[in-house]
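> Here the sequence shown stands for residues 13 to 298, numbered as in the working numbering. Have a look at the structure that comes next, please.
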Amino acid sequence: MSRVAYVNGRYTPHGAAAVHIEDRGFQFADSVYEVCEARDGEIVDVGRHLDRLERSLAELRMPAPMGRAALMTVLREVLRRNRVRDGSVYLQVTRGAAPRDFPFPKSARPTLVVTARARDRAEADRRADKGVAVVTHPDLRWARRDIKTTGLLPNVLAKQFARERGAFEAWLLDSEGFVTEGSSSNAWIVTADGKAVTRRADHDILRGVTRTTLIDVLRREGLTLEERAFTVAEAKAAREAFLTSATTIVTAIVSIDGARIGDGAPGAIARTLRAAFHAAAERTKI
Ligand code: PDD
13 MSRVAYVNGR YTPHGAAAVH IEDRGFQFAD SVYEVCEARD GEIVDVGRHL DRLERSLAEL
73 RMPAPMGRAA LMTVLREVLR RNRVRDGSVY LQVTRGAAPR DFPFPKSARP TLVVTARARD
133 RAEADRRADK GVAVVTHPDL RWARRDIKTT GLLPNVLAKQ FARERGAFEA WLLDSEGFVT
193 EGSSSNAWIV TADGKAVTRR ADHDILRGVT RTTLIDVLRR EGLTLEERAF TVAEAKAARE
253 AFLTSATTIV TAIVSIDGAR IGDGAPGAIA RTLRAAFHAA AERTKI
């Protein structure tokens, strides 16, 4: 079946979909995005993703390409036309195409691109059952990581660093050796006394939608949350470690820089949180 993408008002064959060479997303990464999970024919937590999109746009003073209801229609339509029931939907908004110049263009219409992708859920479940390895890497990003922009080169380099070392994810370290987050996920540990720890969502990290929903799950499960930074040394000695994102949900970490976490198998809390996640998430029919 051929894939379909949405670009600026048109549904086009994926292979032929294109934006202008002077699109500011292409030239300046003047552009924001979201990735939502699709599961069992529903979009997961789309309300929270669209809230974050609106916040990213507002922080960059970028106009929205269309209203929220229209955007929902496009997301659903792209998923439907690609027959995706399990996978993800990606949306990107740029400040539009204009002659290359740094200041905001006076008259450019925002670009909107939406794509969808099916994925093998069993494979992701197998990965979570086994647990993944992470390695650490300096956090080379800018000072506004709370805005979900497509300026992802430091993330790309860190992820590549991890993959070349046989690891699934890179955990990024600030100048004091504290973990900020993963290259495309939030970072968590579980302390010896069973508290879940993740960094406070200020300008240093992206406030993951999965992270936000997982905080609801923690409450439901009667677990304690600590929002604070932790060092690699603390993480290596932790009872458990895991990562969260729309594409990985909750995935246990079994080693950090080669050091085994816990007994080297996914921990009980990570497994419980993964199993409980979708009951707490908002789900919207495609
Ligand atoms: N990445 N931190 C970073 C740097 C991310 O890129 C992501 C998501 C997250 C987790 O956010 P959420 O729970 O809302 O997915 C945290 C997406 C999945 C991506 O870029 O593909």
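Ideal Cβ positions, reconstructed from N, Cα and C, are used throughout, including at glycine.
For Trp-154, count the other beta carbons within 10 Å of its own beta carbon; 16 or more makes it buried, fewer makes it exposed. Which is it?
Working through the sequence shown from its first residue, we reach residue 154 at position 142. Around the C-beta of Trp-154, fewer than 16 other C-beta atoms lie within 10 Å, and the residue is accordingly described as exposed.
> Would you mind sorting Ile-33 into buried or exposed? The rule is 16 or more other CB atoms within 10 Å of its CB.
Residue mapping note: residue 33 aligns to position 21 of the sequence shown, counting from 1. Exposed.
> Roughly how far, in whole angstroms, is the beta-carbon of Ala-145 from the beta-carbon of Ala-179, given that I think they are within contact range, below 8 Å?
Counting from 1 along the sequence shown, the entry for residue 145 is found at position 133. Counting from 1 along the sequence shown, the entry for residue 179 is found at position 167. With 8 Å as the limit, Ala-145 and Ala-179 qualify as a contact, their Cβ atoms being about 4 Å apart.
> Can you determine whether any heavy atom of the ligand PDD sits closer than 6 Å to the C-beta of Thr-210, and answer yes or no?
Taking the first residue of the sequence shown as 1, we reach residue 210 at position 198. Checking the Cβ of Thr-210 against the ligand PDD gives no.
> The alpha helix (DSSP H) that contains Pro-117, what's its start and end?
What you label residue 117 is simply residue 105 of the sequence shown in a count that begins at 1. Segment: none, Pro-117 is in no alpha helix (DSSP H) and carries neither H nor E.
> Considering only residues of the same chain and omitting the five flanking positions on each side of Ala-253, which have a CB-CB separation below 7 Å?
Locating residue 253 in the sequence shown gives position 241, where the first residue counts as 1. The answer, listed in chain order, is Trp-200, Ile-201, Ala-247, Ile-265, Ile-268 and Ile-273.
> Straight-line CA distance for Arg-67 to Thr-162?
Indexing the sequence shown from 1 puts residue 67 at position 55. Indexing the sequence shown from 1 puts residue 162 at position 150. Roughly 15 Å separates the two Cα atoms.
> Apart from the five residues on each side of it in sequence, which residues of its chain come closer than 8 Å, Cβ to Cβ, to Leu-185?
Sequence index remark: in the sequence shown, residue 185 carries index 173 (1-based). So the qualifying residues of the chain are Thr-148, His-149, Pro-150, Asp-151, Val-191, Thr-192 and Val-244.
> How would you write the range of the alpha helix (DSSP H) that Val-209 sits in, first residue to last?
Here the question's residue 209 lines up with position 197 in the sequence shown. Residue range 208-210 is occupied by the beta strand (DSSP E) that includes Val-209, with no alpha helix (DSSP H) assigned at that position.
> If you follow the beta strand (DSSP E) that His-149 is in, where does it begin and where does it stop?
Against the sequence shown, residue 149 aligns to sequence position 137. Residues 144-150.
> Given a cut-off of 7 Å on the beta-carbon distance, is the pair Asp-35 and Ala-109 in contact?
Position 23 of the sequence shown, counted from the start, is the residue given in the question as residue 35. Position 97 of the sequence shown, counted from the start, is the residue given in the question as residue 109. Contact: yes.
> Would you kindly report the start and end of the unbroken alpha helix (DSSP H) that includes Glu-176?
On the sequence shown, position 164 is the one that residue 176 refers to. Per DSSP, Glu-176 belongs to the alpha helix (DSSP H) from 165-176.
> Given a cut-off of 7 Å on the beta-carbon distance, is the pair Ala-128 and Val-96 in contact?
Translated into positions along the sequence shown, residue 128 becomes position 116. Translated into positions along the sequence shown, residue 96 becomes position 84. Yes, Cβ-Cβ distance for Ala-128 and Val-96 is below 7 Å.
> Would you call the stretch 219-234 in contact with the stretch 282-293, where contact means no fewer than 3 C-beta pairs closer than 8 Å?
yes
> Can you tell me which of the three DSSP states Ala-128 falls into?
Against the sequence shown, residue 128 aligns to sequence position 116. Here Ala-128 sits in strand by DSSP.
> To the nearest whole angstrom, what separates the beta carbons of Ala-17 and Val-125, a pair I think is in contact under 8 Å?
As a first step, residue 17 is located in the sequence shown; it is residue number 5 there, counting from the start. As a first step, residue 125 is located in the sequence shown; it is residue number 113 there, counting from the start. At roughly 7 Å, the Cβ-Cβ gap stays under 8 Å, so Ala-17 and Val-125 are in contact.
> Give the range of the beta strand (DSSP E) segment to which Glu-238 is assigned.
Here residue 238 corresponds to residue number 226 of the sequence shown, with the count starting at 1. Run containing Glu-238: 237-239, per the beta strand (DSSP E) assignment.
> Work out the CA separation of Ser-43 and Val-56 for me, nearest whole Å.
The count along the sequence shown starts at 1 and reaches residue 56 at position 44. The count along the sequence shown starts at 1 and reaches residue 43 at position 31. One C-alpha to the other measures close to 23 Å.
> Do the CB positions of Arg-223 and Asn-198 come within less than 7 Å of each other?
Numbered from its first residue, the sequence shown carries residue 223 at position 211. Numbered from its first residue, the sequence shown carries residue 198 at position 186. Going by C-beta atoms, Arg-223 is nearer than 7 Å to Asn-198.
> Taking DSSP as the reference, what is the three-state secondary structure of Arg-95?
Sequence index remark: in the sequence shown, residue 95 carries index 83 (1-based). Arg-95: coil per DSSP, three-state reduction.
> If the criterion is Cβ atoms closer than 7 Å, does the pair Glu-239 and Arg-212 meet it?
Stepping through the sequence shown from its first residue, residue 239 is reached at position 227. Stepping through the sequence shown from its first residue, residue 212 is reached at position 200. In contact: Glu-239 and Arg-212 (Cβ atoms closer than 7 Å).
> Taking the alpha-carbon positions, what's the Ala-241 to Asp-214 distance?
Locating residue 241 in the sequence shown gives position 229, counting from the first residue. Locating residue 214 in the sequence shown gives position 202, counting from the first residue. Between Ala-241 and Asp-214, the C-alpha separation is close to 11 Å.
> Between Leu-235 and the rest of its own chain, which residues show a CB-CB distance below 6 Å, the 5 nearest in sequence each way excluded?
Indexing the sequence shown from 1 puts residue 235 at position 223. Closer than 6 Å at Cβ, skipping near neighbours: Ala-208.
> Can you name the residues that DSSP bridges to Lys-297?
As a position in the sequence shown, residue 297 is number 285, starting the count at 1. Lys-297 is bridged to Glu-54.
> Out of Ala-50, Leu-237 and Phe-114, which one is the CA nearest neighbour of Ile-298?
Walking along the sequence shown from the start, residue 298 turns up at place 286. It is Ala-50 whose Cα lies nearest to the Cα of Ile-298.
> Note down the Cα distance separating Gly-270 from Ala-174, rounded to an integer number of angstroms.
In the sequence shown, counting from the first residue as 1, residue 270 sits at position 258. In the sequence shown, counting from the first residue as 1, residue 174 sits at position 162. Those two C-alpha atoms are separated by around 12 Å.
> What residues match up with Thr-106 in a beta bridge as DSSP calls it?
In the sequence shown, residue 106 corresponds to position 94, counting from 1. According to DSSP, Thr-106 bridges with Ser-43 and Thr-123.
> Would you report the Cα separation of Gln-104 and Ala-134, rounded to the nearest angstrom?
For the purposes of this step, residue 104 is identified with residue 92 of the sequence shown, where counting begins at 1. For the purposes of this step, residue 134 is identified with residue 122 of the sequence shown, where counting begins at 1. Cα-Cα distance, rounded: 27 Å.
> Leaving out the 5 sequence neighbours to the left and right, which residues in its chain are closer than 7 Å to Glu-181 when beta-carbon positions are compared?
The residue you call residue 181 lines up with position 169 of the sequence shown. Excluding residues within five positions, the ones whose Cβ falls inside 7 Å are Val-144, Val-146, Ala-174, Gly-194, Ser-195, Ser-197 and Leu-255.
> Given that a residue counts as buried once 16 or more other Cβ atoms are within 10 Å of its Cβ, and exposed if not, what is Thr-24?
For the purposes of this step, residue 24 is identified with residue 12 of the sequence shown, where counting begins at 1. Counting Cβ neighbours within 10 Å, Thr-24 comes out exposed, since fewer than 16 surround it.
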